[in-house]
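Chains A and B supply the protein sequences, listed in that same order. So in my numbering, the last spot in the first sequence is 419, and the numbers never skip. So in my numbering, the last spot in the second sequence is 419, and the numbers never skip. See below for the structure under consideration.
Number of protein chains: 2
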Amino acid sequence: MKSFVNYPENSDFSIHNIPFGVAVFNKEYIACCTRIGDMVIDLATLYDYGFFDDIEGLDDNVFEAYTLNEFIELGKPVTNAVRERIQELLDEESKLARDEKTIEECFYNLDQVKMMMPVHVPNYTDFYSSIEHATNVGKMFRDPANALLPNWKHLPVGYHGRASSIVVSGSEIHRPKGQMKPADAEKPIFGPSKQLDFELEMAFIVNKNTEMGESISTAEAEDAIFGMVLFNDWSARDIQSWEYVPLGPFLGKNFGSSVSPWVVTLEALNPFRVSSPTQDPEVLDYLKFEGDKNFDINLEVYLQPENGDENLICKSNYKFMYWNMAQQLAHHTVNGCNVEVGDMYASGTISGKDENSFGSMLELTWRGQNPLKLNNRTERKFIEDNDTVIMRGYAEKNGVRVGFGEVSGKILPAN
Amino acid sequence: MKSFVNYPENSDFSIHNIPFGVAVFNKEYIACCTRIGDMVIDLATLYDYGFFDDIEGLDDNVFEAYTLNEFIELGKPVTNAVRERIQELLDEESKLARDEKTIEECFYNLDQVKMMMPVHVPNYTDFYSSIEHATNVGKMFRDPANALLPNWKHLPVGYHGRASSIVVSGSEIHRPKGQMKPADAEKPIFGPSKQLDFELEMAFIVNKNTEMGESISTAEAEDAIFGMVLFNDWSARDIQSWEYVPLGPFLGKNFGSSVSPWVVTLEALNPFRVSSPTQDPEVLDYLKFEGDKNFDINLEVYLQPENGDENLICKSNYKFMYWNMAQQLAHHTVNGCNVEVGDMYASGTISGKDENSFGSMLELTWRGQNPLKLNNRTERKFIEDNDTVIMRGYAEKNGVRVGFGEVSGKILPAN
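Next comes the structure, spelled out in structure tokens:
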């Protein structure tokens, strides 16, 4: 496949990708869109021009919308047909390639668009599915000899997060204030968090509504997953460590989470499937699965101080995940919990074995013991005011590249 | 105040109440409504007839809706004016009292209506604010000598719950299946929960959207609270105890929560304000508050086996709450977490000091050690299939009664 739109070889948005998002075009018009190279394509107008007319099940212009929810609810047969149609249209031999009027109407340069949240998120769950991350945290906060808790290898541990404060890449986040109890203090104190952290995660988005009492099996799960985004689960470690026993993380997390604007479909990620780490002990039947359910996605985290350059501080990979998405969704629904279109399910911090693959400052600096040295000659134990954290992710194989772009977020001083 | 609608002295829905809900009328027409005695009043048609014409800020017929969200977002000046107008209209001296046509069009008997969820719930948080409940749980599962965790008296502990599975009273709930690890088992097992429980709670509903980074102080909090409902936080104890360390309750809770259909406003509850239990140690500044922020609301739980009578198994009171709603909302937002219209914030199990005031089977039977004897000569350690749990709540003072009606839910066998 070769497109009439030119883009560099290392573009995340090759013709093999065709992700979906929502954009404000020229500050005035909002519609669902896709992207190739650095061109953003207005799908609502493309629909009006009849390019999707013969796609069965696509009866309304669901792209005339502020979110992708209506589109993704149509399910895989329709959303895959749309994605494949877009690939055909972008081919250098297509009729669109010579249709200057449509191109002028529907194709925008990146600088003409502002990306919005791709979906409305009715429910958000965060898992804890990297064995390296869970082990690191267990070593630091509990018992180095028994870092993993007894349940960890038997079920994908997760908890409900805050849906209201998930924002799109580029949104600024205020440093949270809160209660914390320094180790040497007798009583808790109140103030801006001094241990603000990121967590390198990915999240998947569900494309269907289920009824309460209904479950989704590991075999059915991938049909219910539209695609994935990069996810930064900002965390205030000092607030979190004082509050989280016994009911879990709360104000240490719910002040904000950032996501990348482009939803990359599971179909675009298919070429990058890999097997998962071996699960030992064997899991219960409802968590068993067949085939390669993991994905080889390179992940990077950059820290950029104000007026400074980007510093690459972490190189990890989604393939390290112990629990896969199919297991996460099967576990989440095995008790009859219903899911909704647009639900977001995050992976938990994705750490690898190497020290430079740890997906949080907490792990990278080992609780602040080994500060990171930045190229502007400053050091970081945690994230400082006006720092920007940028996460990037892409898969690459046999010359085919499919990526997520980035999720970026700047920390402003506390209000 | 005396209404032209007759109702018994012990009706929860006196002219002093005027709660709000959403009903299906005659199986075909949905609108927001209020209730007096056993009459349900269609507010959308009442609006069309001009009875609210002069209320400032009520420009659209927000009662023509499937949820109360649009109405409550108008804020207290409007929602209070509407409530007071309804009280005037229901007075025996009002013009409505002699307007037979309007009464015939807008007033329905209870058996002509089916109540729906009163609000769309964008986010749901569950607190843990009864000191008696937290102490009971701490004694059973941790250390009887140090039952309360160190953070408990310093902040209103809470966690995010699942919004998608909150259902209205009368909805049946399937017994959840899941992973659990019996004390004598070497490995976890999978199956229907054997320790299904209720939790007697109340929840408040927020009437505004805030921006990320914004906080709501204890002084501002009650202006942001539209009203309250009864809340049954169904809990599968065996699933919960295996999963909840370290990230909190998840599948042990998210299979379903039940709420009463009528939202009782804070204004209707004003006459029943009482002071809270003394908080010692003193709380941090952002949790301090002035005035009586607690409410004297009698709470009862009934267990009804299939084909059996109701058994009163718990008598508690909302006034036992250690942390009040203003503190809960101030804490929740002190880190800049944004709230949304319709958000539901539940209290946590409301237990008192007496053994018959404990708000869950876990506490009433002390983990199953002392089964409850029912009047059909059966016993219960936890909730069995086809049992119905009914919670009722009302406030009463100087002959004025304002109540919530009930939240009822039947447990069906596992799917």
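Quick reminder that beta carbons are idealized off the backbone N, C-alpha and C, glycines included.
Going by DSSP, what residues sit across from Glu-304 of chain A in a beta bridge?
A:Lys-319 and A:Arg-396
When the distance is taken between beta carbons, is Gly-397 of chain A closer than 9 Å to Leu-72 of chain A?
no
Would you call the CB atoms of Phe-351 of chain A and Gly-256 of chain A closer than 9 Å?
According to the sequence shown, residue 351 of chain A is Ser rather than Phe. Cβ distance not < 9 Å, so Ser-351 of chain A and Gly-256 of chain A don't count as in contact.
To the nearest angstrom, how far is it from the Cα of Gly-413 of chain A to the Cα of Asn-211 of chain B?
29 Å
I need the boundaries of the beta strand (DSSP E) containing Phe-131 of chain A, first residue and last residue.
128-131
Enumerate in chain order the residues of its own chain whose CB-to-CB distance from Ile-59 of chain B is below 7 Å, with the five nearest sequence positions on each side excluded.
Val-82, Ala-85, Val-86 and Arg-89
Residues near Lys-401 of chain B in its chain [Cβ-Cβ closer than 7 Å; skip 5 each side]:
Pro-275 and Phe-276
Helix, strand or coil: how does DSSP classify Gly-340 of chain B here?
coil
Output needed for Arg-166 of chain A: all residues of its chain with C-beta closer than 6 Å, excluding positions within five of it in sequence on either side, in chain order.
Asn-258
Strictly below 9 Å CB to CB, what residues from chain B border Lys-80 of chain A?
Result: empty, since nearest Cβ-Cβ is about 21 Å, beyond 9 Å.
With 7 Å as the limit, tell me which residues of the segment 200-233 of chain B have their beta carbon closer than that to any beta carbon of chain A; keep them in chain order.
Met-216 and Gly-217
Could you run through the segment 128-154 of chain B and flag, in chain order, every residue whose CB is less than 7 Å away from some CB of chain A?
Tyr-132 and Leu-153
Would you say the segment 204-219 of chain B touches the segment 53-67 of chain B, given that touching needs at least three Cβ pairs under 8 Å?
no
Secondary structure, beta strand (DSSP E): runs of 3+ residues fully inside the segment 160-231 of chain B:
162-164, 170-172, 176-178, 181-184, 193-196 and 204-210
Start-to-end residues for the beta strand (DSSP E) that takes in Phe-17 of chain A
Phe-17 of chain A -> no beta strand (DSSP E), and no H or E assigned at all.
Taking only beta-carbon atoms, is Val-123 of chain B less than 9 Å away from chain A?
no
Could you confirm whether any beta carbon from chain B is found closer than 9 Å to the beta carbon of Gly-363 of chain A?
no
Nearest-angstrom Cβ-Cβ length linking Val-305 of chain A and Val-406 of chain A, presumed shorter than 8 Å:
With 8 Å as the limit, Val-305 of chain A and Val-406 of chain A do not qualify as a contact, their Cβ atoms being about 20 Å apart.
Mapping the DSSP letters down to three states, classify Lys-414 of chain A as helix, strand or coil.
strand
List the whole-angstrom C-beta distance separating Ala-240 of chain B from Asn-21 of chain B, where the pair is believed to meet the contact cut-off of C-beta under 8 Å.
Not confirmed; about 34 Å, so no contact.
Is the Cβ-Cβ distance between Phe-235 of chain A and Ser-364 of chain A less than 9 Å?
no
Figure out for me which residue from A:Gly-217, A:Phe-24 and A:Trp-156 has the closest Cα to the Cα of Glu-286 of chain A.
A:Trp-156
Sequence-distant residues of the same chain with beta carbon closer than 6 Å to Arg-371 of chain A, five excluded per side:
Met-144
Opening and closing residue of the beta strand (DSSP E) in which Phe-29 of chain A lies
25-29
Do Ala-48 of chain A and Tyr-112 of chain A have their C-beta atoms closer together than 9 Å?
no
Supposed contact pair Ser-169 of chain B and Gly-260 of chain B - C-beta distance, whole angstroms, cut 8 Å:
5 Å
I want to know whether the segment 353-368 of chain B touches the segment 304-324 of chain B - three or more CB-CB distances under 8 Å.
yes
Along chain B, which residues have their Cβ under 7 Å away from the Cβ of Gln-183 of chain A?
His-158, Leu-159 and Leu-288
Between the segment 290-297 of chain B and the segment 328-344 of chain B, do three or more beta carbon pairs fall short of 8 Å?
yes
Expressed to the nearest angstrom, what Euclidean distance is found between the alpha-carbon atoms of Leu-251 of chain A and Asn-65 of chain A?
44 Å
Report all residues from its chain with a CB closer than 7 Å to the CB of Leu-270 of chain B; omit the five preceding and five following residues, and keep chain order.
Glu-226, Ile-229 and Gly-231
If the cut is a Cβ gap below 9 Å, which residues of chain B does Ser-239 of chain A touch?
Neighbours of Ser-239 of chain A on chain B: none; closest Cβ ~12 Å, over 9 Å.
Cβ closer than 8 Å: which chain A residues qualify as neighbours of Leu-255 of chain B?
His-335, His-336, Val-338, Asn-339 and Cys-341
Counting only Cβ pairs nearer than 7 Å, list the residues of chain A close to Arg-371 of chain B.
Simply none; closest approach about 16 Å.
Residues of chain B with CB closer than 8 Å to the CB of Pro-186 of chain A, please, in chain order.
Neighbours of Pro-186 of chain A on chain B: none; closest Cβ ~13 Å, over 8 Å.
Cα-Cα separation, His-335 of chain A to Pro-12 of chain B
49 Å
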